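Scroll down for the structure; my scribbles are underneath it.
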Amino acid sequence: MPAKIRRRKSIADMARSYRSTAMLPDLPLGPLERALVDSLRRLDPAAEPLVLASAALLCAALDNGDVCLPLARRAGQRPWPEHGFCLPPLAEWQVRLAASSLVGTDGDFTPLILVGERLYLARYQVYERQLAEQLLSRAAALPAVDEAQLSESLTRLFAFNAQQPDWQRLAAAQAVRRRLAVISGGPGTGKTTTVVRLLAALLEQPGGARLAIGLAAPTGKAAARMAEAIRNAKASLPVSEAIRAALPDEARTLHRLLGSRGDSPQVRHNAANPLALDVLVVDEASMVDLALMAKLVDALPPNARLILLGDKDQLCAVEAGAVFAELCEGRGFDAQAAADLQRITGQPVAVAPPTSRLGDAVVLLTHSHRFAGDSGIGELARRINGGDVSGTLSLLKEQRSDLAWNAQPTPADLLERLDRGYAPFLAAAKSADPQAAFAAFNDFRALCAQREGSWGVAGINEALEARVKRRNQVASRERWYVGRPVMVRQNDYALGLFNGDIGICLHSEFGLRVFFEGEAGYRPFAPARLPSHDSAFAMTVHKSQGSEFSEVLLVLPEQPSPLLSRSLFYTGITRAKHKVEIWGLPARLGEAVATRAERAAGLAERLAVDPATQPGPAAPPASGAGHAQLPLF
C-alpha cells in the first residue's frame, strides 16, 4: 500500500474516534454552504466533519470576497460562536485536510485544493494559478519598438506636463514597450489622459495603424463613461487626422466582450477562440474579480497588449478577489529599466528594485490635477490611505472649506440636510429639461456604506421619497413622480441600459418619462419598459465607483459594521470634486480608517520575486477548453 494512502487511512481511522455524526447538521449553515456540503457528502459519504466544516467556511469566505480560506487566521477559533465546534491548531488542521479524498494539492483534480496554509475551491485555485502564469508570460515578452519614434511621440503628446518626473509619460512609455501595463492612480491623476496619448503613441509606431484596439470596463456605465472621455480627449491631440481617426471611441462591458453565457461560468472567447484584438484597455480594473480577470487574460492572444487602468486604493470587486491591488504590490524599477526609461522619456527615474516579477509593468500616477496641494479632500484621502486615525479626525475638525463633519448625527437631522441638498435638483426637475435636471442631480449626492437600516440606502431613499411625495401631493402608493431618480439594477442590451445607469423621471409631451443620458442626448423611456431598478436619492459607495459629483454627503452607519474599511472611506470621499460632508460618529470614522480590508488570496505571492514564496510546480490544466474540465464547486 502506498505511503500516502497508508497515512491517510491511519489519520482517518484516528479521526473516527472523535467524529460526531450530529455535529455538522447542527452548524448554522446558509443555503450555499449547505449545498456545497451536501455535494461533498455525495462524493465521499464518509467525509470527516472537519473537512465539511472547512468547505462551509470556504464557501462563506468566497461570499465575503476572499479567494481562499486562510487556515492560519482561523485555526483554533470557534467560527460559529453559538456552537461548540472548535477548529484545530493549524498543523493538525492541515494534516486532517490532506488526509481527505476530497482535498488535493496544486494540479490535482479534486473539489478542494490545499496550497500551504490556504484552502481553495478547485476552480478558484486554477483561476489564480492560470492568471499568474499568463501575466508573467505576457510581462516577459517584449515587443519590437522604435525607441526614437516613441521618444518623439511622448515628447509631443505630453508637452503640457511640467511635473518631474512625469508619471503619465513614464506610464505611456511602459505601455508601449511592454505587452502588459498596469496603471494605477487616484481621482484626477489623468488615467484617461494617459491612455488616449499612449494609444496615439502606439499607433505612431511602425505598423501601428493596423492595430485592432479594444476598450472595455466591468460595467456598462463605466464603459460608456470611458468611451465618452476618450472621444472628448482625442479631439485636442497633437496628431495627424489618420491617427485621430484610428483611435477607438466605443467601449464594451467585459462580459459582452467575452461572450458570457447567462449563469454559466463558460464564455465564448477563450484560448481556443481568442479575441481578435492587438491591444485591450480595461478601465476601472479594480472592480474586476479573479474569475473574470482570469477569463479575460485567457481570451487575449499571447502577442496582444493588455493595459489595465484603476485605483489600487479603491474598493475591490464585489465578487471574490482583489486582483488589481495584488498586481500593484511589489512594483518598482531596477537599474536597467530606470536607465531605459530615462533614455527614452528624458524623465528622472529612481531605482527601486521590484519585489514582484511584474516589476516595472506597474506604474503609479501620483499627481492629482483635481485636488490642489492645499485641498482638504486630497489631504484627507492621503491620511485615510495612511491609516492615520488621529490625523484624519484632526483634519476634519479644522473646518476646511471643502470638508465638513457632523460628529453627532441623528436620522431627523440627516433627512433635513438631504432635503435641503436635493432641493435645487427637485426644482430643476420641474422644468422638464433633462440637461438641467442631470446637472443639478450631479451637484449633490448622498453615499452610504450599507444598503439596509435608517443609515443605509434603503432607509434614506424611503424616508426622503415619502417627504417629497407629501410635499408634492403625490399618493404614497404612486411609484412615479416628477424628480424621481432611479438606478438600473440589471443590464438590458436591447434598451441600451446597464446596471448602475441613472435615470430621472420628468414630464414630457407623452406624460411621465424616465430620461437617461446617451451619446446623442437624453433618451426617454416609459417607466413600464425599464428593467429592474431602485430609487436613487442615495446610493452605496460601491455603486458610486467611477462617478464624480460636485458635492458628496457620506453617511456612515451608527453601529460597528464589517463594511467599514479604509478603501470604502477613501472611495466615498474621492467621489467629490469640490466638497465632501461626512455624517458619522468619531468611533465609526476611526474604525473605517484603521480597518484595512485584506482579502485572502495567493496571487501576489505567486508573482513575488523570491522563489521561496512560490507554490510548487504547477501541473498543466486538464486537456480541453479552459475551465470546462473543472468540477463545478
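Plus 1344 on top of the position in the sequence shown (first one is 1) and you've got our numbering. C-beta atoms are modelled at their ideal positions from N, C-alpha and C, and glycine is treated no differently. These numbers were taken from a predicted model, which means no experiment stands behind them.
Environment of residue i [buried if 16+ CB atoms lie within 10 Å]
| i | result |
| --- | --- |
| Val1924 | buried |
| Thr1710 | exposed |
| Ala1366 | Its pLDDT being 38, under 50, Ala1366 is placed unreliably in this model, and the value from its coordinates should be taken loosely. Under this definition Ala1366 is an exposed residue. |
| Lys1741 | exposed |
| Arg1815 | exposed |
| Val1662 | exposed |
| Asp1655 | buried |
| Thr1533 | buried |
| Pro1901 | buried |
| Gly1862 | exposed |
| His1851 | exposed |
| Pro1393 | buried |
| Pro1698 | buried |
| His1427 | exposed |
| Glu1670 | buried |
| Asp1407 | exposed |
| Val1695 | exposed |
| Ser1738 | exposed |
| Gly1374 | exposed |
| Gln1817 | exposed |
| Glu1377 | buried |
| Ala1400 | buried |
| Glu1723 | buried |
| Leu1387 | exposed |
| Ala1506 | exposed |
| Ala1931 | exposed |
| Arg1727 | buried |
| Gly1730 | exposed |
| Ala1870 | exposed |
| Phe1854 | exposed |
| Glu1594 | exposed |
| Arg1919 | buried |
Whole-Å CB distance - residue i paired with residue j, under 8 Å assumed
| i | j | result |
| --- | --- | --- |
| Arg1795 | Thr1884 | 6 Å |
| Ala1567 | Thr1537 | Not quite, the Cβ-Cβ distance comes to about 18 Å (not below 8 Å), so this is no contact. |
| Leu1653 | Val1539 | 6 Å |
| Arg1675 | Leu1708 | 7 Å |
| Arg1828 | Ser1876 | No, Arg1828 and Ser1876 are not in contact; Cβ-Cβ is about 15 Å, not under 8 Å. |
| Leu1874 | Trp1824 | Leu1874 to Trp1824, Cβ: 10 Å. No contact. |
| Glu1548 | Gln1493 | 6 Å |
| Ala1751 | Leu1929 | 7 Å |
| Lys1887 | Met1831 | 7 Å |
| Ala1666 | Ala1945 | 7 Å |
| Gly1448 | Ala1664 | At roughly 20 Å, the Cβ-Cβ gap does not stay under 8 Å, so Gly1448 and Ala1664 are not in contact. |
| Ala1544 | Leu1514 | Not confirmed; about 16 Å, so no contact. |
| Gln1658 | Ser1891 | With a Cβ gap of about 12 Å, Gln1658 and Ser1891 do not count as contacting. |
| Val1626 | Val1632 | 7 Å |
| Lys1565 | Gly1865 | Actually they are not in contact, since the Cβ atoms of Lys1565 and Gly1865 sit about 17 Å apart, beyond 8 Å. |
Other residues of its chain near residue i: CB distance less than 8 Å, five sequence neighbours each side excluded
| i | result |
| --- | --- |
| Pro1582 | Arg1500, Leu1501 and Ala1503 |
| Val1489 | Val1520, Arg1521 and Gln1549 |
| Gln1518 | Ala1525, Leu1685, Asp1704, Ala1705 and Val1707 |
| Tyr1914 | Asp1657, Gln1658, Ala1725, Ile1728 and Asn1729 |
Neighbourhood of residue i by C-beta distance below 7 Å, restricted to the same chain and skipping five residues each side
| i | result |
| --- | --- |
| Lys1546 | This sequence places Leu at residue 1546; Lys is not what is there. Cβ within range, chain order: Val1520, Gly1552, Leu1555 and Val1623. |
| Gln1478 | Val1641 and Asp1642 |
| Glu1673 | Ser1700 and Ala1948 |
| Gly1968 | Per-residue confidence for Gly1968 stands at a pLDDT of 34, beneath the threshold of 50, marking its modelled position as unreliable; the derived number appears in the next sentence. There are no such residues. |
| Leu1384 | Ala1391, Leu1396, Ala1399, Leu1446 and Pro1455 |
Cβ neighbours of residue i in the same chain (closer than 6 Å, five flanking residues each side left out)
| i | result |
| --- | --- |
| Ala1405 | Leu1413 |
| Ile1804 | Ala1882 |
| Leu1402 | Leu1413 and Leu1463 |
| Thr1934 | As written in the sequence, residue 1934 is Gly, which differs from the Thr given in the question. Val1733, listed in sequence order. |
| Gln1686 | Val1693 |
| Pro1432 | none |
| Trp1749 | Leu1740 and Ile1926 |
| Gly1529 | Lys1535 and Leu1709 |
| Trp1799 | Val1899, Pro1901 and Glu1902 |
is_contact[residue i, chain B] using C-beta, thresh 7 Å
| i | result |
| --- | --- |
| Ser1495 | Looking at the structure shown, chain B is missing, and only one protein chain is on hand. |
Residues bridged to residue i [DSSP beta-bridge criterion]
| i | result |
| --- | --- |
| Arg1857 | Leu1850 |
| Ser1528 | Gly1654 and Leu1708 |
| Thr1884 | Cys1792 |
| Trp1437 | DSSP lists no partner for Trp1437. |
| Ile1926 | Trp1749 and Leu1898 |
Looking at C-beta atoms only, is the number of pairs between the stretch 1403-1420 and the stretch 1476-1487 that lie closer than 8 Å three or more?
Verdict: no, contact absent.
Taking 8 Å as the cut-off, does the stretch 1442-1459 touch the stretch 1469-1477 (at least 3 CB pairs, one atom from each stretch)?
A contact exists between the stretch 1469-1477 and the stretch 1442-1459.
Quick check: the stretch 1835-1848 against the stretch 1788-1808, are at least 3 beta-carbon pairs closer than 8 Å?
Touching, no, given that fewer than three Cβ pairs across the two stretches are closer than 8 Å.
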